[in-house]
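The next block holds one structure in the form of structure tokens; read it before the comments.
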Amino acid sequence: MRLWIVQRATAAVLALCVVVHLATIIYAVRGGLSAAEILARTRGSLAWGAFYCVFVIAAAAHGSIGLRVVALEWLGLDKAWAGRLMLAVAIAFALLGLRAVFAVLAP
Amino acid sequence: MEVIRVSVWRGGADGRFEEFEVPRRASQTVLDVVTYIQRNLDATLAYRFACRVGMCGSCAMTVNGTPRWTCRTHMDKVAKGGRVEIAPLANLPVVRDLVADMREFFDKWARSRGQFKPSATRDDAFAVVKPDSKERREADAAIECIGCGVCYAACDVVKWKPDYLGPAALNRAWTLVNDARDAGQGARLAAVAGDAGCHSCHTLMSCTHLCPKGLSPTRSIAGLKRATLGIDPEEIH
Amino acid sequence: MNLARNHPAYWAFLVHRLSGVALALFLPAHFLALALAIRGEAALDGFLRWSEQPLVKCGEWLLVVLLAAHLAGGLRVLALEFLPWRDWQKTLAALAAAFALFIGLVFALAL
Numbered sequence: 001m002r003l004w005i006v007q008r009a010t011a012a013v014l015a016l017c018v019v020v021h022l023a024t025i026i027y028a029v030r031g032g033l034s035a036a037e038i039l040a041r042t043r044g045s046l047a048w049g050a051f052y053c054v055f056v057i058a059a060a061a062h063g064s065i066g067l068r069v070v071a072l073e074w075l076g077l078d079k080a081w082a083g084r085l086m087l088a089v090a091i092a093f094a095l096l097g098l099r100a101v102f103a104v105l106a107p
Numbered sequence: 108m109e110v111i112r113v114s115v116w117r118g119g120a121d122g123r124f125e126e127f128e129v130p131r132r133a134s135q136t137v138l139d140v141v142t143y144i145q146r147n148l149d150a151t152l153a154y155r156f157a158c159r160v161g162m163c164g165s166c167a168m169t170v171n172g173t174p175r176w177t178c179r180t181h182m183d184k185v186a187k188g189g190r191v192e193i194a195p196l197a198n199l200p201v202v203r204d205l206v207a208d209m210r211e212f213f214d215k216w217a218r219s220r221g222q223f224k225p226s227a228t229r230d231d232a233f234a235v236v237k238p239d240s241k242e243r244r245e246a247d248a249a250i251e252c253i254g255c256g257v258c259y260a261a262c263d264v265v266k267w268k269p270d271y272l273g274p275a276a277l278n279r280a281w282t283l284v285n286d287a288r289d290a291g292q293g294a295r296l297a298a299v300a301g302d303a304g305c306h307s308c309h310t311l312m313s314c315t316h317l318c319p320k321g322l323s324p325t326r327s328i329a330g331l332k333r334a335t336l337g338i339d340p341e342e343i344h
Numbered sequence: 345m346n347l348a349r350n351h352p353a354y355w356a357f358l359v360h361r362l363s364g365v366a367l368a369l370f371l372p373a374h375f376l377a378l379a380l381a382i383r384g385e386a387a388l389d390g391f392l393r394w395s396e397q398p399l400v401k402c403g404e405w406l407l408v409v410l411l412a413a414h415l416a417g418g419l420r421v422l423a424l425e426f427l428p429w430r431d432w433q434k435t436l437a438a439l440a441a442a443f444a445l446f447i448g449l450v451f452a453l454a455l
């Protein structure tokens, strides 16, 4: 049940993050994407840094819990293995995500 | 004389479909067809029915892949191209032919604490329950379930998670959660929470879509999701 | 002709689950691409050049639509589970689909 609650809570957080993200995407893609434009927005910005950190952690939790259920229901994994999969995905997403945030944040 | 080709499941889980030819008649129901086969073509065919007028739910079977009451399913609706396929209810062990073993269905009912637990005795005053109170209206909206098993057979979560209590059991639990006289709320909420309980419902709504009584187990389960928010996760097994 | 799987709420579930899995599979690639910026602006730009190819752009468009679909479907689930029950969930499912397509259109126009 705890996982279910975390799933719904992170869903609410992600709803806000995704709305911002979609708006940013649509704004940024006009006239073509360029690294300079993207990095000009994110480099050294504590606001964007904080936003993306929250985004990454929420996505790591939400995605891993979701994949756990898919593994249980569709891949026939047992609870122990599904739990391990969930943990692995959560850690991988968090690490890769935070690394990406650092990459676009660092001046 | 027009004839329908009827494919009927015979045997147990490792059985097979057997073909019969049944004369087509006006206003024929699937139950009529099954009855015709048993009386005229193969007396060894096993199937369940009782009221044959859409009140008891005993005749529920899988017709062309969909669980429905066979006494309330007209052949005109399902015999497209002159063929129909009849099998026992899904998600339940097969006893024989068209008869499903309903024990697990009712065991889960019990596991959800789907039984009323009294809080008063015959010596106490009558309980006063207002029929238009919010709780009573919630209970009334779900109370007409007759345990036919159609929702259980339709639910893919039951299929994917054999432990899942299922729409009917959870629906019944919800009516009791809303029963002001019931004394078993704590244990019941713990029983319906968790992986085997309401938190596994994905709002597929096949139960609501197919319930012959027009009930909405999804609605009841959503209620349980809200009701269980306050309980201690340690209580769930 | 299984009626149990042939109605809007079931399709909404399927879209939500499949889009979620697709996004989960995409996310590591997304993170790895962005991390190219560690090697400098030119590295990230190189990747963005590659992503200008029509086929890749189509993939991008699809991902945006999937994200919008997953968001809309998710909001629908949150509404079903936490708000008082209303019987017009079919409308919610339709609204979710419309939203996803709308975002897809806006994205396509912005390209």
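These protein sequence lines map, in sequence, to chains A, B and C. For the first sequence, our numbering gives the first residue as 1, with consecutive numbering after it. For the second sequence, our numbering gives the first residue as 108, with consecutive numbering after it. For the third sequence, our numbering gives the first residue as 345, with consecutive numbering after it. We treat Cβ as the ideally placed atom computed from N, Cα and C, and that holds for glycine.
Among the options, which residue has its Cα nearest to the Cα of residue i?
i	options	result
A234/B	R288/B, G254/B, D339/B	R288/B
V284/B	F223/B, T177/B, R155/B, V202/B	F223/B
H181/B	S134/B, A329/B, V129/B, H306/B	S134/B
T315/B	P340/B, D263/B, C163/B, R333/B	D263/B
D239/B	C308/B, M209/B, D286/B, G256/B	D286/B
C252/B	S114/B, G161/B, I193/B	G161/B
S219/B	T282/B, T325/B, S323/B, L138/B	T282/B
P352/C	L311/B, L336/B, A290/B	L311/B
A297/B	A186/B, R132/B, V129/B, D339/B	D339/B
F451/C	A23/A, V18/A, M1/A, A11/A	A23/A
R179/B	D302/B, R190/B, F156/B	F156/B
S165/B	A150/B, D208/B, V191/B	D208/B
G293/B	E341/B, P274/B, L272/B, H306/B	E341/B
G221/B	P274/B, D121/B, R159/B, V257/B	P274/B
E73/A	G330/B, S327/B, K241/B, S307/B	S307/B
R190/B	S114/B, C318/B, I328/B	S114/B
I111/B	V137/B, H309/B, A260/B	V137/B
A348/C	A261/B, A249/B, G254/B, K187/B	A261/B
W317/B	D214/B, F212/B, M168/B	The amino acid at residue 317/B is misidentified as Trp; the sequence shows Leu. Per the Cα distances, M168/B.
G205/B	A249/B, K215/B, T151/B, G188/B	The question names Gly, yet the displayed sequence has Leu at residue 205/B. If we check each option's Cα against that of L205/B, T151/B comes out closest.
D183/B	R203/B, L272/B, V170/B, R244/B	V170/B
I343/B	K332/B, D302/B, G330/B, R210/B	D302/B
R131/B	E242/B, I144/B, E245/B, E211/B	I144/B
L105/A	G97/A, G44/A, A90/A, R8/A	G44/A
W394/C	A35/A, P107/A, A58/A, W81/A	A35/A
R2/A	R117/B, C305/B, A194/B, E242/B	C305/B
T177/B	N147/B, D139/B, D149/B	D139/B
L95/A	A377/C, P372/C, G364/C, V421/C	P372/C
A438/C	V365/C, C402/C, L419/C, A366/C	L419/C
G119/B	L148/B, N147/B, A197/B	A197/B
A101/A	V70/A, I57/A, D78/A	This sequence places Val at residue 101/A; Ala is not what is there. It is I57/A.
Could you tell me which residues DSSP puts in a beta bridge with residue i?
i	result
S124/B	Correcting the residue identity first, residue 124/B is Phe in this sequence and not Ser. W116/B, per the DSSP bridge assignment.
T136/B	H181/B
I349/B	An answer regarding residue 349/B cannot be provided, because it is not within the stretch 108 to 344 covered by chain B.
4 or more residues per run - each alpha helix (DSSP H) lying fully within the segment 141 to 213 of chain B: For the segment 141 to 213 of chain B, whole alpha helix (DSSP H) runs of length 4 or above, ordered along the chain, are 182 to 185.
Members of the segment 60 to 82 of chain A near chain C, C-beta cut-off 7 Å: Listed in sequence order: G63, G66, L67, V70.
Residues from the segment 283 to 314 of chain B in contact with chain C, defined by Cβ distance under 8 Å: If the cut-off is 8 Å between Cβ atoms, the segment 283 to 314 of chain B has H309, T310, L311, M312, S313 near chain C.
Ordered list of alpha helix (DSSP H) runs contained in the segment 262 to 311 of chain B, each at least 4 residues: Fully contained in the segment 262 to 311 of chain B are the following alpha helix (DSSP H) runs of length 4 or more, in chain order: 263 to 267, 274 to 284, 292 to 299.
Residues from the segment 365 to 377 of chain C in contact with chain A, defined by Cβ distance under 9 Å: Within the segment 365 to 377 of chain C, the residues whose Cβ lies closer than 9 Å to some Cβ of chain A are V365, L367, A368, L371, P372, H374, F375, L376, A377, listed in chain order.
At least 3 beta-carbon pairs within less than 8 Å: the segment 55 to 69 of chain A vs the segment 85 to 102 of chain A: The segment 55 to 69 of chain A, when compared against the segment 85 to 102 of chain A, does touch it at the 8 Å Cβ threshold.
Three or more C-beta pairs below 8 Å linking the segment 317 to 335 of chain B and the segment 265 to 272 of chain B: Short answer: they don't touch.
Members of the segment 321 to 338 of chain B near chain A, C-beta cut-off 9 Å: Those would be K332, T335, L336, I338, in chain order.
Three or more C-beta pairs below 8 Å linking the segment 115 to 128 of chain B and the segment 402 to 411 of chain C: Taking 8 Å as the limit for Cβ pairs, the verdict is that the segment 402 to 411 of chain C does not touch the segment 115 to 128 of chain B.
Proximal residues, the segment 248 to 275 of chain B versus chain C, C-beta separation under 7 Å: Here the close residues are A261.
Within the segment 371 to 426 of chain C, ranges of the beta strand (DSSP E) (whole runs, at least 3 residues): Listed in chain order, there is nothing to give.
In chain order, each alpha helix (DSSP H) run of at least 4 residues that lies wholly inside the segment 346 to 371 of chain C: Runs found: none.
The segment 413 to 441 of chain C: positions lying closer than 8 Å to chain B by Cβ: Of all residues in the segment 413 to 441 of chain C, the ones placed with a Cβ closer than 8 Å to any Cβ belonging to chain B are V421, L424, E425, F426, W429, D431, Q433, in chain order.
Chain C contacts made by the segment 81 to 97 of chain A, where a contact means CB separation under 8 Å: Listed in sequence order: V89, A92, F93, L96, G97.
Positions along the segment 31 to 42 of chain A whose CB lies within less than 8 Å of some CB in chain C: Within the segment 31 to 42 of chain A, the residues whose Cβ lies closer than 8 Å to any Cβ of chain C are, in chain order, G32, L33, S34, A35, A36, I38, L39.
Chain-ordered residues of the segment 161 to 174 of chain B with a beta carbon less than 8 Å from chain C: Here the close residues are N171, G172, T173, P174.
At least 3 beta-carbon pairs within less than 8 Å: the segment 354 to 361 of chain C vs the segment 410 to 425 of chain C: Result yes; three or more Cβ-Cβ pairs closer than 8 Å.
Near-chain A residues of the segment 110 to 137 of chain B - C-beta to any C-beta below 7 Å: For the segment 110 to 137 of chain B, the set of positions with a beta-carbon nearer than 7 Å to some beta-carbon of chain A is empty.
Ranges of the alpha helix (DSSP H) found wholly within the segment 23 to 104 of chain A, counting only runs of at least 4: Complete alpha helix (DSSP H) runs here, min 4: 35 to 42, 46 to 74.
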